[in-house]
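Beneath this line is the structure, given in structure tokens, with notes to follow.
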Amino acid sequence: MNAAEHESDPAADAVTVFHRAVARLFTVHDVATRPEVLQALESGRLARFATYAEWLFDLPLTTDESQRIRSLYDHCLISERPRRHDGRRPASKQEATADHDAVVDRRARDRAPTRTDHVPRPSLVIQAYTEESLYVRVKQPLDVDVHKASTALDSGTALEPMLDTELQATNAAEFADLLGLIQLRSGLTPPRIARASGIARSQVYSMLRRGTLPTRQDQVVQFLRVCGLPHHQIMRIVRLWLELRGHARQPSPKADSPADRTLAELTRVLSDMIDKACAGESADLGLVITEPSDAA
Numbered sequence: 001m002n003a004a005e006h007e008s009d010p011a012a013d014a015v016t017v018f019h020r021a022v023a024r025l026f027t028v029h030d031v032a033t034r035p036e037v038l039q040a041l042e043s044g045r046l047a048r049f050a051t052y053a054e055w056l057f058d059l060p061l062t063t064d065e066s067q068r069i070r071s072l073y074d075h076c077l078i079s080e081r082p083r084r085h086d087g088r089r090p091a092s093k094q095e096a097t098a099d100h101d102a103v104v105d106r107r108a109r110d111r112a113p114t115r116t117d118h119v120p121r122p123s124l125v126i127q128a129y130t131e132e133s134l135y136v137r138v139k140q141p142l143d144v145d146v147h148k149a150s151t152a153l154d155s156g157t158a159l160e161p162m163l164d165t166e167l168q169a170t171n172a173a174e175f176a177d178l179l180g181l182i183q184l185r186s187g188l189t190p191p192r193i194a195r196a197s198g199i200a201r202s203q204v205y206s207m208l209r210r211g212t213l214p215t216r217q218d219q220v221v222q223f224l225r226v227c228g229l230p231h232h233q234i235m236r237i238v239r240l241w242l243e244l245r246g247h248a249r250q251p252s253p254k255a256d257s258p259a260d261r262t263l264a265e266l267t268r269v270l271s272d273m274i275d276k277a278c279a280g281e282s283a284d285l286g287l288v289i290t291e292p293s294d295a296a
């Protein structure tokens, strides 16, 4: 507390000193005292801190002034504890702890209404951005039953269908761009795809990076399935991946290598594998080929 206030009225109690400090702030900043605050000042009883803070913190207070008001109010709460010299029993350890917790809880509770211009939590920002993105995509009001991004996992249908004419790539960079477009259309984030497909998160990001082709076709199938592509489009993209992998490979030195198997035979094996993946039999994916030169 301020020593000058004690000198002016040594007999003033903590509540009176606090109320004088509040009234002085309204006077210094040339603002009329609010009725709620004025009622508390006239009654001489300590009101909830929110009653004062709702109007005080609208004033251009300095940091020292705000901290001093908070300190004076906390001192009022502490001064209301039972004292030995009052002829009453002293507060027990449990009561003192409860009083301290009450001060802390009051400070946390009363601080919230005064922060009218605070930045919202990141989760609220992300939620608002997601809802706005969904509104733009489906062209519907948000109060209508909107298909959220999770429907790609629930129904097996992408949020925005891919056209067959878009499923094209001539090199590794274009294939990575194609996977990125599919991921964007699905409305799923790479971490969500990683959790749903069982693929390592780093591997999902690697699949979306330009310059390299994915090395495992079972991961390509799981990626496409989680993004909600239908069976025939998964088939077409994985065939495209097989062709790009074949062009990127060095020719085998063995003339009778299994790499001479026709694309039609590889397609048949691939179709069986996709059927199992779409049926949820992901445990069998390790048995299929990972290179055009490896027999299933």
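Residue numbers for the sequence shown follow full-length UniProt numbering, beginning at 1 and rising by one. Glycine included, each C-beta is placed from N, C-alpha and C at the ideal position. From a predicted model like this one, the values you see are computed outputs, not experimental measurements.
What residues in its chain sit with their C-beta under 6 Å from that of residue i, if we drop five residues either side in the sequence?
i: residue 178; result: 169
i: residue 36; result: 51
i: residue 47; result: 40
i: residue 79; result: 14
i: residue 75; result: 14
i: residue 33; result: 26
i: residue 117; result: Because the pLDDT at residue 117 is just 47, under 50, the model does not fix this residue reliably, and the point stays unresolved.
Decide if residue i is buried, meaning its Cβ has at least 16 other Cβ atoms within 10 Å, or exposed.
i: residue 245; result: buried
i: residue 205; result: exposed
i: residue 214; result: buried
i: residue 316; result: One cannot answer for residue 316 here, as it falls past the ends of the chain, which runs 1 to 296.
i: residue 193; result: buried
i: residue 225; result: buried
i: residue 141; result: Low confidence applies to residue 141: its pLDDT is 44, below 50, so where it sits in the model is not reliable enough to give any reading.
i: residue 163; result: exposed
i: residue 242; result: buried
i: residue 67; result: exposed
Can you list, in chain order, the residues of its chain with a C-beta nearer than 7 Å to that of residue i? Leave out the 5 residues immediately preceding and following it.
i: residue 73; result: 18 and 49
i: residue 150; result: Below a pLDDT of 50, predicted positions are generally treated as unreliable, and residue 150, at 40, falls in that range; the measurement from the model is reported next regardless. Cβ neighbours of residue 150 beyond the five flanking positions: none.
i: residue 59; result: 25, 29 and 31
Tell me which same chain residues have a C-beta within less than 8 Å of the C-beta of residue i, skipping the five on either side of it?
i: residue 44; result: 15, 16 and 19
i: residue 316; result: There is simply no residue 316 to check, as the chain begins at 1 and stops at 296 in what is shown.
i: residue 161; result: 185
i: residue 173; result: 210 and 211
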